[in-house]
Amino acid sequence: MDAKTRIILGSIQEFLETAKDAEGKNRLKSSITMYFKVIAEACDFFIYSKILKVPDNHKERFDYLRKYDYELNEEVYTLFNIYRKTYSQKVDAADLVIIKNGAEKILKRLGISEALKQMAKEKRD
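Following this line, the structure appears as structure tokens:
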């Protein structure tokens with residue numbers, strides 16, 4: 004596992020912890036934002052695994068996703084629209100559930116859940 008991959012996985016882990024903390028305090032916008040950051044980093048992990056480059060912004064991320072995994076692109080774009088509600092609209096617990104479940108599904112689909120476990124084990128050893 005190279006240094007950039009470790010940085011991305013470390014970010015995912017930090018955002019997950021922060022999302023769960025905010026969720027536990029019933030801070031919906033904060034937890035939705037952090038779970039979407041998990042999703043964005045997961046996409047960056049996927050893209051980096053394909054082309055050894057991390058996107059600079061959301062547009063570039065969606066461009067790469069359309070090219071390398073259209074189905075993932077569609078799934079993330081749907082979640083992105085919910086995340087954008089945090090900017091200036093009311094969000095509710097149902098929005099949080101959708102984003103959280105989406106993040107968990109994407110982490111499993113991309114093998115990141117296992118990579119996080121491996122990284123945690125390496126830290127302990």
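Residue numbers (our numbering): 4 to 128. Virtual Cβ for every residue (Gly too), placed ideally from N, Cα, C.
1. So the alpha helix (DSSP H) Leu68 belongs to, where does it begin and stop?
2. For Leu99, report the span of its alpha helix (DSSP H) as first-last.
3. How would you label Val100, buried or exposed, when you count the other beta carbons within 10 angstroms and need 16 or more for buried?
4. When you compare each of Lys7, Asp72, Lys103 to Tyr51 by their alpha carbons, which one comes out closest?
5. Three-state secondary structure (DSSP) at Val57?
6. Taking only the alpha-carbon atoms, compute the straight-line gap between Ser34 and Ala22 and give it to the nearest angstrom.
7. With a CB to CB cut of under 6 Å and the five nearest residues on each side skipped, what residues in its chain are close to Thr89?
The answer reads as follows:
1. As a working note, residue 68 is residue 65 in the sequence shown. Note, Leu68: alpha helix (DSSP H), 61–71.
2. Taking the sequence shown and counting its residues from 1, the one referred to as residue 99 is at position 96. From DSSP, the alpha helix (DSSP H) with Leu99 extends over 96–112.
3. Counted from its first residue, the sequence shown places residue 100 at position 97. Val100 comes out exposed.
4. Here residue 51 is taken as the residue at index 48 of the sequence shown, counted from 1. The shortest Cα separation from Tyr51 among Lys7, Asp72, Lys103 belongs to Lys7.
5. Position 54 of the sequence shown, counted from the first residue, corresponds to residue 57. Of the three classes helix, strand and coil, the one that applies to Val57 here is coil, per DSSP.
6. Mapped onto the sequence shown, residue 34 falls at position 31. Mapped onto the sequence shown, residue 22 falls at position 19. Between Ser34 and Ala22, the C-alpha separation is close to 4 Å.
7. Taking the sequence shown and counting its residues from 1, one reaches residue 89 at position 86. Closer than 6 Å at Cβ, skipping near neighbours: Lys32, Ile35, Thr36.
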